[in-house]
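Colleague: Each number in the numbering used here comes from the position in the sequence shown (counting from 1) with 1 added on.
The beta-carbon is built from N, C-alpha and C at its ideal position, and this holds for glycine as well.
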Amino acid sequence: MSQQRSEITKAATRRLPARIKREMKTVEAMIQIYCHYHHKSNDALCQQCQELKQYAGLRLEKCTFQEEKPTCGQCPIHCYKPAMREKIKEVMRFSGPRMIMYHPLLAIMHLIDKKRSNI
Ligand SMILES: [Zn+2]
Numbered sequence: 002m003s004q005q006r007s008e009i010t011k012a013a014t015r016r017l018p019a020r021i022k023r024e025m026k027t028v029e030a031m032i033q034i035y036c037h038y039h040h041k042s043n044d045a046l047c048q049q050c051q052e053l054k055q056y057a058g059l060r061l062e063k064c065t066f067q068e069e070k071p072t073c074g075q076c077p078i079h080c081y082k083p084a085m086r087e088k089i090k091e092v093m094r095f096s097g098p099r100m101i102m103y104h105p106l107l108a109i110m111h112l113i114d115k116k117r118s119n120i
């Protein structure tokens, strides 16, 4: 397990709702796919993506909705600062459709979460 991964694992073991932990895993996976394709990284993320991942993790930890969190695309509060928001949008646009190949379980859970917040 690389250095970068263990940080998120640490964050995930803190007392956070399952919903938030799952989002952390999803966003981390998406950044990893994006970084691998765009910045030719292998196991570890490049500096820029590492920062984005940490930022995303922090936003999730501080998310007001916690267990009730809608998917970020559906959220009424846009909590990212503009520069980070642009970056994460690009990552999601690229990695979103690829999640089903790389992380089918997370992709399916995301669809369920999306459906749930529609009700
Ligand atoms: Zn990168």
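(1) Quick one: is the Cβ of His-79 within less than 7 Å of any heavy atom of ligand 1?
(2) Tell me whether Thr-27 sits in a helix, a strand or coil according to DSSP, three-state version.
(3) On the three-state DSSP scale, how would you describe Ile-21?
(4) Quick one: residues in its chain with C-beta nearer than 6 Å to the C-beta of Phe-95, no 5 flanking neighbours on either side, listed in chain order?
(5) Is any non-hydrogen atom of ligand 1 found closer than 7 Å to the C-beta of Leu-42, if you look at the structure I gave you?
(6) Between the C-alpha atoms of Gln-75 and Asp-44, what's the straight-line distance to the nearest angstrom?
(7) For Gln-49, is the beta carbon positioned less than 7 Å from some heavy atom of ligand 1?
(8) How big is the Cα-Cα spacing for Cys-80 and Pro-98?
(9) Could you compute how far the alpha carbon of Lys-41 sits from the alpha carbon of Val-28?
Modeller: Quick look at the numbers:
(1) no
(2) helix
(3) helix
(4) Tyr-35
(5) A quick correction: the sequence has Ser, not Leu, at residue 42. Flag set: Cβ of Ser-42 near ligand 1.
(6) 31 Å
(7) yes
(8) 23 Å
(9) 18 Å
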